[in-house]
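Novice: Provided herewith is a single structure, encoded as structure tokens, for subsequent inquiry.
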Amino acid sequence: MDMMAKPLRILIPLTCLLLAGCGGQSDDDAQLNALDNELAAMNDGQPAQDPQLAEALAGQIMVDPGLTQTSNANAVRPPNRPDSDQVPVLPPPGDPVDPRTLKSAPKASSDCPECRASAKALTLGALAGQQAANARCLAGLRYSAGWAGHLPAAFAVYPGSRLNEAAGNDAGGCHVRIVSFRAGGPVDKVIDYYFTRATAAGYDADHKRDGAQHVLGGTQGAAAYIVYATARRDGGTDVDLIVKGG
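First residue of the sequence shown? That's 1 in full-length UniProt numbering, and the numbers climb one at a time after it.
As structure tokens, this is what we get:
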């Protein structure tokens, strides 16, 4: 009898504990059901019943700008690529001119006011305006690549060049041509090219230089020309050519 009484005394507390656990589980279920109902109400567009939760949901998220700089600092990133809107760097144009066909231009004078003046010109028109004789014709100046094809034969664009811009005006007897291009030849060769062609056409020639920029200019009666040639660090020569008459 005593042996049976002892297990019974143990079972009675265990039964009470299990019953208490069952009662607690019922309370938890009720709380979970209430939370589910509240979340469902929020999904339906109804405000949450908890004021602190409502305030947290409605409040603006604050971001520390100092921390955003270090976010994902150790993340693996793809290699750097150029921006899609960047203009690709083109190689220098070819240079088909045979140097054996050229005469050497005279040694350049170091006094070059035209070089200093051209540095202040932002457009081809402004560059041409450095010569007083061209001022009257600039008002009717028209920009078009087609003007490069209407240069006098002696001052055609250096062979193989890449055209940048061209302008001209034939109104009122102006006959002005202004062309900007990139030549593949070095600056000394470009100057020799235009010196050879200008003198062969009866023009005189005056060669000046200031640093990397050379200026070759001359006249034949009322006609005149001037060549601004600047050596490029990446190869070739930038050329601005102005011709009046001819």
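Even glycine gets a Cβ: it sits at the ideal position worked out from N, Cα and C.
Report yes or no: do three or more beta-carbon pairs, one from the segment 199-209 and one from the segment 163-181, lie closer than 8 Å?
Specialist: In short, these stretches do not touch, since the Cβ pair count stays below three.
Novice: May I have the straight-line CA-CA distance separating V215 from A223, to the nearest angstrom?
Specialist: In a straight line, the C-alpha of V215 is about 17 Å away from that of A223.
Novice: Would you kindly work out how many angstroms separate the C-alpha atoms of R136 and S180, rounded to a whole number?
Specialist: Cα-Cα distance, rounded: 21 Å.
Novice: Roughly how many whole angstroms lie between the Cα atoms of L122 and R162?
Specialist: Residue placement at L122 is poorly supported in this model, since its pLDDT is 45, which falls under 50; the coordinates are not used for a value here.
Novice: Where G236 and S110 are concerned, what is the direct C-alpha to C-alpha distance, given to the nearest angstrom?
Specialist: So the two alpha carbons sit approximately 22 Å from each other.
Novice: To the nearest angstrom, how far is it from the Cα of A167 to the Cα of K107?
Specialist: Taking the straight line from one Cα to the other gives about 30 Å.
Novice: Could you check what DSSP says for K107 in three-state terms: helix, strand or coil?
Specialist: The answer is coil: DSSP assigns K107 none of H, G, I, E or B.
Novice: Once you ignore the five residues that flank T101 on each side, which residues in its own chain have a CB closer than 6 Å to its CB?
Specialist: Once the five neighbours on either side are set aside, T101 has no close Cβ partner at all.
Novice: Do you know offhand how far V227's Cα is from P92's?
Specialist: Going from the Cα of V227 to the Cα of P92 covers about 20 Å.
Novice: Could you please give me the residues that DSSP links to G217 through a beta bridge?
Specialist: According to DSSP, G217 bridges with D206 and I226.
Novice: Can you list, in chain order, the residues of its chain whose CB lies under 6 Å from that of Q220, leaving out five sequence neighbours each side?
Specialist: Correct list, in chain order: G202 and Y203.
Novice: Please state whether DSSP places D234 in a helix, a strand or coil.
Specialist: The answer is coil: DSSP assigns D234 none of H, G, I, E or B.
Novice: Can you have a look at R209 and say buried or exposed, based on whether 16 or more other CB atoms are within 10 angstroms of its CB?
Specialist: So R209 ends up on the buried side.
Novice: Quick one: what's got a C-beta closer than 6 Å to I12's C-beta in the same chain, skipping five residues either side?
Specialist: Low confidence applies to I12: its pLDDT is 42, below 50, so where it sits in the model is not reliable, and the reading given next is rough at best. Around I12: no qualifying Cβ.
Novice: Put Y194 into one of helix, strand or coil per three-state DSSP.
Specialist: Helix at Y194.
Novice: In three-state terms, what does DSSP make of D240?
Specialist: Strand, per DSSP.
Novice: Excluding five sequence neighbours on each side, which residues of the same chain lie with their C-beta closer than 6 Å to the C-beta of A148?
Specialist: Here the set comprises V157, L163, A166 and V179.
Novice: Could you check the C-alpha separation between V239 and H207 for me, to the nearest Å?
Specialist: The alpha-carbon atoms of V239 and H207 are separated by roughly 15 Å.
Novice: Looking only at C-alpha atoms, which of F155, L138, R233 and V243 sits nearest to P186?
Specialist: Ranking the options by Cα distance to P186, first place goes to R233.
Novice: Could you have a look at L122 and say whether DSSP puts it in helix, strand or coil?
Specialist: Interpretation of L122 is limited by its pLDDT of 45, a score under 50 that renders its predicted location unreliable; the figure taken from the coordinates is listed afterwards. L122 falls in the coil class under three-state DSSP.
Novice: List the residues that DSSP assigns as beta-bridge partners of S180.
Specialist: Its beta-bridge partners are E165 and D240.
Novice: Tell whether a beta-carbon distance below 8 Å holds between G184 and G246.
Specialist: Cβ atoms of G184 and G246: not closer than 8 Å.
Novice: Applying the 10 Å Cβ sphere with the 16-neighbour rule, what's the burial state of G211?
Specialist: It counts as exposed.
Novice: Can you tell which of K244, R182 and V243 has the C-alpha that lies nearest to the C-alpha of T230?
Specialist: Comparing Cα-Cα distances from T230 to each of K244, R182 and V243, the minimum goes to R182.
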